[in-house]
Structure formats: C-alpha cells, structure tokens
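So the structure is just underneath, and the comments pick up after that.
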DNA sequence: AACCTCACG
DNA sequence: ACGTACGTGAGGTTC
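In my numbering, the protein residues as written are 15 to 421.
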C-alpha cells in the first residue's frame, strides 16, 4: 500500500519540474530596499530607547515585555504566555497603541525588521549561482490536510498585505522577454463548502455570482443586500472564514472585538440562515465520531483520533479539525489535479511557458508573451474543471512584469 | 531545542 | 472557570 494517493504520485514530477525551474529575483532592488529599511529601523530604534529611558534588545519579547509592563506599567494585568512571560504580540500591542507613543513605534519596528530579516536580506542568499534563480522545495508529506508546503526558502508566505511588504513581491520577476502569470481560485474554500453542504442559500449566492460576504452579511444582520455596510461585510467575512475553521463564539468574539454573547447571536443567525451548512457540519462531526477520520471529495483521509476525547478542549479542537480538513483538503486536491493536467499540456505543446509556484489557491507561471492568448484560457479551464462541481468555480488571472503586478 | 512572533493561504 | 478560530515555515532570543 502506497503512502501517497494517486494525485500525490502524479503531482510529484510536476513539483520536481517547478523546483528545477526556479524564479528570478531582482536582487539589486532588494539591496536598495534593505538600505532604506535599515535606516528607518535605526531611527525607530533610537526613538524607542529614548522613550523607554533605556537601551535593551528590542528583538527580545522578554525584555520588551519587561520594559512595557514593569518599567512603563502600561496596563494593570498584562497577558502572559504559557511560560509566564508577558505577551507582546501584535494583538496586545495594537490594543495598547493609544496608551503610549512608544507602542506604535514598536509595532512599526516589528513590521520592518520582520520584512528585512525574513525576506529582504534572506532571499538574495537563496539565489542559486548556477541558475541565478530561487529554487524552493515543495513538500508533499508535511501537512495534515493535503496541502503542499514550501521550504528553503518558503515561497508560500511572501508578503502582500502591507505596502512595505508588497515591495518584496515586486522583486519576483519573469525571465527576460517573459511575463509572470498568476491564476488563482476565487473563494475556493467557501465554494467547496457550498458544494459539500448543498446549502441552498450558499449555492444560490455563488450561482448568481453574488459577493459572498455581502450575501452573508445581509442574512446574519437581517438587512437588504443593498444596505450592507462595509463594517457588516467585514464582519460577515470573518464569519465565513470562521465557518470553514470550525467557528466558536469565543473565537469569533475575539476577532470581531465584540462580546461573546453578540458573537453567539451572529452564529445562531448564520445557522438559521444557512441550515444546509449546519446540517453538513453536524453530519461531518458524526461521521468523524463513528470512523475517527474525515475525507475529501477525492478520498484523502485525515484521521481525527481525538474526536471522542473526554477532555472538552481536546474534543473541540478535534471537531474543528474534522470540519476544516475536508474543505482545505478538497481545495488542495483540486489544485494538484489542475497542476498535473496543466503540466501535461505544457509538455505536450512544448511551450516556453513554465509553471513556477503554487501558493495553495494560486499558480504562478513564467509566461511567454506569444503564448499568452492561447495558454491563459486553457490554464483557467483546467483549473476550473479539475474536480467537476455544481457550484461555479471561478479562476482569476493577471499578468505583469513582477509577481505583485500579476495580481 | 523550545519559545515567541509573524509572514502567507 | 477555562480558553481556540484552520493550515504552514522562518528568524531571533533564550535556555
């Protein structure tokens, strides 16, 4: 019996080819950016030490916690980590930002040093002299859900959410005379949830091409879709994510910054408005309780051995795993099947275009300009049809002279 | 090596 | 009373 599914066996040579291909990095621009970040970091550091009235190692959460909570005493009862240190993570610091100017500067310092050490300074060292390109390694036997992972370097967590981070994404560039193509699945996990659950409301929203977060907002807040505010949509987006992750009132209240009772009401509204989803989640957990595993559409199993645990915390965690794994795993199956069929096409056509990266719901190609018109529709179609579904599967593509522009 | 933090989907 | 959203990898500090 193989430890790999058929899909994994078939995608293996595709991954080998992607690793071999590698991607170009604009090292000179990153070196300029490193200098610039270094200066900003230096300035922040000086300001922080002045405001603290002492110098310390800003990179040490332990020392930082002592400065903020023992020396400056910013709060009465600071949160602690499980080993008894003060917590100084982004969530805690954001909550303290109005207490003291220093906190904002620490957050800025944290953000910039993260970018500099993990990406700007680290990535150029990963360029292979022989090819002048970055070659990641994709692992297929790491995750519990069937996703790939990427190491040495990890190219699945390149920044995109902040302006400063996006500068790093700009450094990923095509070969001379080529363009980068990024094709990604739109809201794939929610579509899979709609498919697996068969929930009528969720299905109709996708079939009618509605904005899914707005549709959910209208339902959970009992308003007309036209009257959904940005705040309502933003909250509904968190609810939708929460559903995929195995929502709890506590978890949702944390993320929305609202009392648990309100979060509970939102969840109850969701359940009442999407009864098919609720039934699906219940039956998934029942299946797991009986079989001690759950599975994806393609039959990939995740064993959930804690599903009948006595300890409620452990059991709840297992239930979240049972809910999330078939959804995340089906999305992983889908994109792997697409990769197999796209690589086959590329080889048969002997294109200059090459598949470079996979980032869970996205494929990145080094695209030959004269092949774009022919290949983009074919790539999109292979992604859409990898696992046939009743729910429409939407793929969005973009091209550009770097990875950021391709989005 | 464990811990904390934070980058991504 | 307690305390968590799912899945990863990497850098820096501390022990």
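All C-beta atoms, glycine included, are put in the ideal place defined by N, C-alpha and C.
Secondary structure of residue 254 (DSSP, three-state): helix.
Runs of the beta strand (DSSP E) lying entirely within the segment 349-379, each at least 3 residues long, are 368-372 in chain order. Nearest C-alpha to residue 391 among 72, 373, 412, 116: 412.
Taking C-alpha positions only, residue 404 is separated from residue 338 by approximately 21 Å. Using a Cβ distance threshold of 8 Å, residue 237 and residue 253 do not count as a contacting pair.
Following the DSSP letters along the chain, one finds residue 79 inside the alpha helix (DSSP H) bounded by residues 75-80. The C-alpha of residue 224 lies about 52 Å from the C-alpha of residue 70. Assignment of residue 52 by DSSP, reduced to helix, strand and coil, places it in the helix class. The beta carbon of residue 40 lies closer than 6 Å to those of 185, 187 in the same chain, with the five residues before and after it left out. For a cut-off of 8 Å, the C-beta gap from residue 401 to residue 28 is around 17 Å, too long to register as a contact.
When DSSP states are grouped into helix, strand and coil, residue 410 belongs to the strand group. Between the segment 305-318 and the segment 154-170 there are three or more inter-stretch CB-CB distances shorter than 8 Å, so the stretches are counted as touching. Boundaries of the beta strand (DSSP E) harbouring residue 37: 37-39, taken from the DSSP string.
With fewer than 16 other CB atoms across the displayed protein chains lying within 10 angstroms of its CB, residue 30 is exposed. About 5 Å separates the CB atoms of residue 21 and residue 350; that is less than 8 Å, so the two are in contact. Taking the Cα positions, residue 74 is about 20 Å away from residue 53. Residue 395 and residue 377 have their alpha carbons spaced roughly 13 Å apart. In the three-state DSSP reduction, residue 196 falls in the strand class (E or B). Apart from sequence neighbours up to five positions away, the residues of its chain that approach residue 283 with a beta-carbon distance below 6 Å are 234, ordered along the chain. Here the segment 87-95 lies against the segment 109-121, with 3 or more beta-carbon pairs under 8 Å apart.
CA-CA distance, residue 76 to residue 168, rounds to 27 Å. Residue 309: member of the beta strand (DSSP E) spanning 307-309, first to last residue. If you compare the alpha carbons of 58, 205, 323, 307 with that of residue 398, the shortest gap goes to 205.
CA-to-CA, the gap between residue 331 and residue 34 works out to about 39 Å. The count of Cβ pairs closer than 8 Å, one atom from the segment 284-298 and one from the segment 366-376, stays below three, leaving the stretches out of contact. Taking 8 Å as the cut-off, the beta carbon of residue 172 is found closer than this to the beta carbon of residue 182. Annotated three-state conformation of residue 106 is helix, per DSSP.
For residue 153, the CB contacts under 7 Å within the same chain, skipping 5 residues up- and downstream, are 162, 163, 165 in chain order.
Annotated three-state conformation of residue 158 is coil, per DSSP. Per DSSP, the beta-bridge partners of residue 382 are 192.
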